[in-house]
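One structure below.
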Amino acid sequence: MVDLTKIRAIDIHTHAEEPCGCHADDGYDDLQATMASYFGAPWSHPPTVPQTAAHYREQNIAAVIFPVDAERETGYRRYKNEEVAELAAENDDVLIPFASIDPHKGKMGAREARRLVREFGVKGFKFHPTMQGFYPNDRMAYTLYEAIAEEGAIALFHTGQTGVGSGMKGGNGMRLKYSNPMYMDDVAVDFPDMPIILAHPSFPWQEEALAVAQHKPNVYIDLSGWSPKYFPEILVKYCNSILKKKVLFGSDWPMITPERWLSDFEKINIKDEIRPDIIKNNAARLLGMMD
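Residue numbers (the working numbering): 159 to 449.
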């Protein structure tokens, strides 16, 4: 188990990837290489889960880690949730398992979610509306949300523009419209006891994300996917004030390393007394690791 006294931060947003070459038949490796170029990442194929654990252990940082189940919409076969959870369990001094289930799987997906929480210790679920091709407030998804809420797990949603498919022909089929954070307002109303994380500074809908997080007690924002030096002024203002207990450090590893993010975070205008909450304590409370 993660020992809070021995880590300096909790990264709420990291991606699990399979060993190199697993997706050569469906274009997934090409997608990853294009994203690496987009983000300026220093690798040709993403690190595996054990490699990720080693990096975070070296950095003295804990990390929430998850795959993305977008096989129905994209054709990229998913990384099995069970395998990710098992690898996280082998590295539970630094890794905290989330899972991902396409909400189009309906009751089958809901059964899987319950099993993952009960048998594999999964703490939350990652959704990527743009990659999965759905509006978050589509009632089709509610069967899965109900299972997540009843199991006491967290729902984390990609919001805003995405580096996935950026620069590729037709954006590689990715439709940005699905990831407007305002759709999450309905979900927060209908599932008021389910913690919801809006991932990333939500360009071009930053103010919508801030409004939903401010208005709904169960909604949080993670700061992943951008270097803090590019944060819009209004986001920094809210981090320093009314959302200081509801914003969370996230890197978007392996596209951005946690040490780069934290280094850039030190250089922006965040109040010193708020920094420990953003980089560690807010996530620890949300994950049930501290009061």
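Just so it is clear, CB atoms sit at the ideal spot from N, CA and C, and this is done for glycine as well.
Counting beta carbon pairs with one atom in the stretch 339 to 356 and one in the stretch 307 to 318, are three or more of them shorter than 8 Å?
The stretch 307 to 318 makes contact with the stretch 339 to 356: 3 or more CB pairs, one atom from each, lie closer than 8 Å.
If you scan the stretch 342 to 416 from start to end, which runs of the alpha helix (DSSP H) of 4 or more residues do you find wholly inside it?
The stretch 342 to 416 contains these whole alpha helix (DSSP H) runs: 364 to 373, 391 to 397.
Within its chain, find whatever has a CB closer than 6 Å to the CB of Ile437; leave out the 5 residues flanking it on each side and keep chain order.
For Ile437, the CB contacts under 6 Å within the same chain, skipping 5 residues up- and downstream, are Ala167, Phe407 in chain order.
Provide the residue span of the alpha helix (DSSP H) that contains Thr232, from first to last.
Taken as a continuous stretch (DSSP letters only), the alpha helix (DSSP H) holding Thr232 covers 229 to 232.
Extent of the continuous alpha helix (DSSP H) run through Phe306
Just to set this straight, residue 306 is Ile in the shown sequence, not Phe. Segment 300 to 308, the alpha helix (DSSP H) holding Ile306.
Spell out the partners DSSP gives Val252 in its beta bridges.
Paired residues: none, contrary to the question.
Starting from His316, follow its DSSP beta bridges and name the residues at the other end.
Under the DSSP definition of a beta bridge, His316 partners with Ala357.
Assigned secondary structure, Ala167 (DSSP; H/G/I helix, E/B strand, else coil)
In this structure, Ala167 counts as strand in the three-state DSSP scheme.
Can you tell me whether Lys281 is buried or exposed, with buried defined as 16 or more other CB within 10 angstroms of its CB?
Looking at its Cβ environment, which holds 16 or more other Cβ atoms inside 10 Å, Lys281 is buried.
Local Cβ density within 10 Å of His358, reported as buried at 16 or more and exposed below that:
It is buried - the Cβ of His358 has at least 16 other Cβ atoms within 10 Å.
On the criterion of 16 or more Cβ atoms from any shown chain inside 10 Å, does Leu119 qualify as buried, or is it exposed?
Any question about residue 119 goes unanswered here, given that the chain covers just 159 to 449.
By DSSP, does Thr206 sit in helix, in strand, or in coil?
Shown here, Thr206 sits in coil according to DSSP, grouped into three states, outside any helix or strand.
Name the one or two DSSP bridge partners that Thr288 has.
DSSP output for Thr288 lists no bridge partner at all.
Decide yes or no for the touch test of the stretch 392 to 404 against the stretch 357 to 376: beta carbon pairs closer than 8 Å, at least 3 of them.
With three or more CB-CB distances shorter than 8 Å, the stretch 392 to 404 counts as touching the stretch 357 to 376.
Residue-chain proximity (Gly267, chain C), Cβ-Cβ < 9 Å
The displayed structure is made up of one protein chain only, and chain C is not part of it.
Can you tell me whether Glu424 is buried or exposed, with buried defined as 16 or more other CB within 10 angstroms of its CB?
Residue environment: Glu424 is assigned as exposed (fewer than 16 neighbouring CB atoms within 10 Å of its CB, all protein chains considered).
Assuming Lys403 contacts Asp380 under a Cβ cut-off of 8 Å, what Cβ separation, rounded to an integer in Å, is found between them?
The Cβ separation is near 14 Å, so there is no contact.
Looking only at its own chain, which residues have a Cβ that is under 7 Å from the Cβ of Ala299, when we skip the five neighbours before and after it?
Short of 7 Å from the beta carbon of Ala299, and not among the five residues preceding or following it, lie these beta carbons of its own chain, in chain order: Pro261, Phe292.
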